[in-house]
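Enquirer: Handing you a structure now.
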Amino acid sequence: MLITGMLAVCAHQAQARDLILGVSEGTSGGTDHARVLLKYGGLAKVLSGALKTNVNVVFVREFSQLEEGMQSGRLDLALARPSDFPARGLRDYGYQFVATAKPDGQCFITIPKNSPIKSLADIKGKKIVMPEKISYMTKFCAAELRNHGIDINKEAVTYVREQEAVSFYISNGFGQVGALASYSGAAKKWVKEGGPVLHKSVTQPFFPLIAEKSFDKAAIVAMQKALTDLPNSADGQEVLKSIGINGFDTSTEGKLRQLLDWLGCKAGDCVAARK
1 MLITGMLAVC AHQAQARDLI LGVSEGTSGG TDHARVLLKY GGLAKVLSGA LKTNVNVVFV
61 REFSQLEEGM QSGRLDLALA RPSDFPARGL RDYGYQFVAT AKPDGQCFIT IPKNSPIKSL
121 ADIKGKKIVM PEKISYMTKF CAAELRNHGI DINKEAVTYV REQEAVSFYI SNGFGQVGAL
181 ASYSGAAKKW VKEGGPVLHK SVTQPFFPLI AEKSFDKAAI VAMQKALTDL PNSADGQEVL
241 KSIGINGFDT STEGKLRQLL DWLGCKAGDC VAARK
C-alpha cells in the first residue's frame, strides 16, 4: 500500500514537471489543434531544452479560455495575439515578460489607387472601413488616429468582420479609407498587389510570449537566450519559418507594459466584450 502511494506521488510529480504553452492566434480562421501542434512544436522543443523540462503546446481557441488560463495560472507560458491579452497577463495576473515576435505590429491606413487623399488630415469626413469595433486592431488604429487628431467616434466608420473585407470594400468603392494590421494576410496581399498605404502607425509589440509568475529569473533568461539564438542555426530558422516570424525580441517589455495605456484601456476595458 505504501509503495503504491509512493508511486502515485512520483507519477504526480513527473506530470507536474510538464509545462503548458498556450498558443492563441486570435480570430485567425482555419486553425485547429493539430495544425497548431505542428506549427509550434519546434518552438515547444526549444523551450523544453532551455527549461530542462517538457513543454506541451495547447491550442487556445477562445479569448475566454486565454483569459481564464492566465487568471488561474493554468497556462505556464502563453504565446498570444492580439497583444493586449499578454499585456493584461503582465498587468493583471503577474505574468513575466519573455519576448515578442519580430517584426513589431503596425496599423496600415490604406486608400484606393488614384485616391485624392494625400494625408491623414484628408480622411476626416471620408468613409472609413475598419475591422470589428471591439477588435484589437481597430483599437490600435483608433489610438494612432487619435494621436493625429482624428476621433473615429466622430467619423463615418463601417465595421466589418474580417480584414479581407476591409480590402474588398476599399477596392470596390464601398469605402475611401481602410485600416489593416501590418501582419495580417490582408495587409500583405494589399501591399504585394500595389495597394497604396497612406500611413503606417508607430510600432507596437507583436505576438508576445509571457511566463507565469513562478518562473525564476534564470528560467526567463534561459528562454530568452534560446529564442534570440534561433536565427543562428538552420534548425532555429526552421522554427521561425514555421511560426511565420523573423525572430524574437527581448527588448520590448517596456512597450508591452505601456500598450494598454496607449490603447486607452483601463482595468476591464477593451477586453471584456471579447471574452
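The end of the sequence shown is residue 275 by our numbering, with every number in the run present. Note that CB positions come from ideal geometry on N, CA and C, so glycine has one too. Quick caveat: nothing in here was measured; it's all calculated off a predicted structure.
Between which residues of its own chain and Asp18 is the CB-CB distance below 8 Å, once the five residues before and five after are set aside?
Expert: In the sequence shown, the residue the question calls residue 18 occupies position 18. Within the same chain, Asp18 has close Cβ partners Thr53, Asn54, Val55 and Asn56.
Enquirer: Counting only runs that start and end within the region 77 to 138, where is the beta strand (DSSP E) found for 3 or more residues in a row?
Expert: List check, beta strand (DSSP E) in window: 77 to 81, 96 to 105, 107 to 110 and 127 to 131.
Enquirer: According to the Cβ coordinates, are Arg88 and Leu260 closer than 9 Å?
Expert: Within the sequence shown, the letter at position 88 stands for residue 88. Within the sequence shown, the letter at position 260 stands for residue 260. Cβ atoms of Arg88 and Leu260: closer than 9 Å.
Enquirer: So what does DSSP say about Pro302, is it helix, strand or coil?
Expert: Since the displayed the chain opens at 1 and closes at 275, residue 302 lies outside it and no answer follows.
Enquirer: Which ranges would you report for the beta strand (DSSP E) in the region 143 to 191 if only whole runs of at least 3 residues count?
Expert: Runs of the beta strand (DSSP E) inside the region 143 to 191: 156 to 160 and 177 to 181.
Enquirer: In the DSSP assignment, find the unbroken beta strand (DSSP E) run with Lys241 in it and report its ends.
Expert: Position 241 of the sequence shown, counted from the first residue, corresponds to residue 241. First-last for Lys241: Ala234 to Ile243, but that is the alpha helix (DSSP H), not the beta strand (DSSP E).
Enquirer: Do Phe97 and Leu227 have their C-beta atoms within less than 9 Å of each other?
Expert: In the sequence shown, counting from the first residue as 1, residue 97 sits at position 97. In the sequence shown, counting from the first residue as 1, residue 227 sits at position 227. No, these two residues do not count as a Cβ contact at 9 Å.
Enquirer: State yes or no: is the C-beta of Gly22 within less than 9 Å of the C-beta of Val60?
Expert: Locating residue 22 in the sequence shown gives position 22, where the first residue counts as 1. Locating residue 60 in the sequence shown gives position 60, where the first residue counts as 1. Taking 9 Å as the Cβ cut-off, Gly22 and Val60 qualify as a contacting pair.
Enquirer: Once the 5 residues before and after Lys39 are set aside, which same chain residues still bring their CB inside 7 Å of it?
Expert: Here residue 39 is taken as the residue at index 39 of the sequence shown, counted from 1. Ser242 and Ile243.
Enquirer: To which residues of the same chain is Val46 closer than 8 Å at the C-beta, ignoring the five residues directly before and after it?
Expert: Position 46 of the sequence shown, counted from the start, is the residue given in the question as residue 46. Excluding positions up to five away in sequence, the list reads Ala226, Leu227, Leu230, Gly236 and Val239.
Enquirer: If you follow the beta strand (DSSP E) that Val60 is part of, which residue opens it and which one closes it?
Expert: For the purposes of this step, residue 60 is identified with residue 60 of the sequence shown, where counting begins at 1. Unbroken run through Val60: none, as it is neither H nor E.
Enquirer: Could you give the DSSP three-state label for Gly22: helix, strand or coil?
Expert: Taking the sequence shown and counting its residues from 1, the one referred to as residue 22 is at position 22. Looking at Gly22 - three-state DSSP - the assignment turns out to be strand.
Enquirer: So, is Val202 buried or exposed, given that buried needs 16 or more other C-beta atoms within 10 angstroms?
Expert: As a first step, residue 202 is located in the sequence shown; it is residue number 202 there, counting from the start. Burial call: exposed.
Enquirer: How big is the Cα-Cα spacing for Lys126 and Glu253?
Expert: As a position in the sequence shown, residue 126 is number 126, starting the count at 1. As a position in the sequence shown, residue 253 is number 253, starting the count at 1. About 37 Å.
Enquirer: Roughly how many angstroms separate the alpha carbons of Ala50 and Ala80, rounded to a whole number?
Expert: Here residue 50 refers to the residue found at position 50 when the sequence shown is read from its first residue. Here residue 80 refers to the residue found at position 80 when the sequence shown is read from its first residue. Cα to Cα, the separation comes out at about 20 Å.
Enquirer: Using a Cβ-Cβ cutoff of less than 8 Å, which residues in the same chain neighbour His12 once the five nearest sequence positions on both sides are dropped?
Expert: The residue given as residue 12 occupies position 12 in the sequence shown. Bear in mind that the predicted position of His12 carries a pLDDT of just 35, short of 50, making it unreliable; the figure below should be weighed with that in mind. None.
Enquirer: Once you ignore the five residues that flank Lys102 on each side, which residues in its own chain have a CB closer than 7 Å to its CB?
Expert: Taking the first residue of the sequence shown as position 1, residue 102 is located at position 102. Correct list, in chain order: Ile245, Asn246, Gly247, Phe248 and Asp249.
Enquirer: When the Cα atoms are used, what is the spatial distance from Ala78 to Phe63?
Expert: In the sequence shown, the residue the question calls residue 78 occupies position 78. In the sequence shown, the residue the question calls residue 63 occupies position 63. Taking the straight line joining both Cα atoms gives about 12 Å.
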